[in-house]
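For the sequence shown, counting from 1, position 41 maps to 41 in UniProt numbering; every step adds exactly one.
Encoded as structure tokens, the structure appears first; notes follow it.
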Amino acid sequence: MLRFDPFRDLDAVTSSLLGAGSGTDRSPRFMPMDLYKVDDHYVLDADLPGVDPGSIDLDVDRGTLTVTAHRSAPSGDSRQWLTSERFTGTYRRQLALGDGIDTERITASYDNGVLSVHIPLSERAAPRKISIAQSENTGGQTTLEASAS
Numbered sequence: 001m002l003r004f005d006p007f008r009d010l011d012a013v014t015s016s017l018l019g020a021g022s023g024t025d026r027s028p029r030f031m032p033m034d035l036y037k038v039d040d041h042y043v044l045d046a047d048l049p050g051v052d053p054g055s056i057d058l059d060v061d062r063g064t065l066t067v068t069a070h071r072s073a074p075s076g077d078s079r080q081w082l083t084s085e086r087f088t089g090t091y092r093r094q095l096a097l098g099d100g101i102d103t104e105r106i107t108a109s110y111d112n113g114v115l116s117v118h119i120p121l122s123e124r125a126a127p128r129k130i131s132i133a134q135s136e137n138t139g140g141q142t143t144l145e146a147s148a149s
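Below you can see the structure in the form of structure tokens.
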């Protein structure tokens with residue numbers, strides 16, 4: 001399938017004029033991520049290829065999870081760039097957490113360029129079955145009581 005993009009050439013000219021050409025330090029455009037739920041927790045997978053694991057920082061502050069990572073530019077002044085398409089600099093994504101998240105038990109791992117963050121639900125937010133007990137019949141009406149199990 002071919003796509004016609006009338007702005008592609010304009011973008012290329014603009015990039016070269018604004019210093020985003022080859023061999024320059026460019027800011028990352030985005031950090032691709034997936035977010036899904038498995039049983040009693042959420043999983044966030046973020047693509048961070050080439051990022052030093054020591055540069056990855058996870059913070060939770062006032063219900064917001066912030067993921068920050070840095071990819072350094074290759075060193076070596078003798079390089080003659082032919083193409084430079086890999087972004088260097090700092091990546092940052094923020095995710096608003098709901099009230100039902102147990103922020104004390106968030107864990108993360110970094111493997112093969114993918115950061116995986118496990119975000120557990122708190123006990124009170126976990127789905128549960130509520131049993132209904134029938135009490136005495138008083139005056140033709142039945143009163144039901146609910147208790148969590």
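Here a beta-carbon is modelled for each residue, glycine too, at the ideal position from N, C-alpha and C.
A quick note: this is a predicted structure, and the numbers were derived from the prediction, not measured.
With distances taken between CA atoms, S109 lies nearest to I119 out of T90, I119, G100.
Between T66 and R105, the C-beta gap is not smaller than 9 angstroms, which leaves the two residues out of contact. W81 and T88 have their C-alpha atoms roughly 15 angstroms apart. A direct Cα-to-Cα measurement between A73 and G54 gives close to 16 angstroms. In this structure, L121 lies away from D52, with their beta-carbon atoms at least 9 angstroms apart. S84 sits in coil when the DSSP states are folded into three classes, being neither helix nor strand. In the DSSP annotation of this structure, V51 is not part of any beta strand (DSSP E), being labelled neither H nor E.
Judged by DSSP in its simplified three-state form, R92 adopts strand.
The Cβ-Cβ distance between L97 and T103 falls below 9 angstroms. Taking the Cα positions, L48 is about 9 angstroms away from H70.
In chain order, I119 place their CB closer than 6 angstroms to the CB of Y42, counting only its own chain and leaving out the 5 sequence neighbours on each side. For K37, the uninterrupted beta strand (DSSP E) run begins and ends at 33 to 38, by DSSP.
The C-alpha of Y36 lies about 19 angstroms from the C-alpha of G113.
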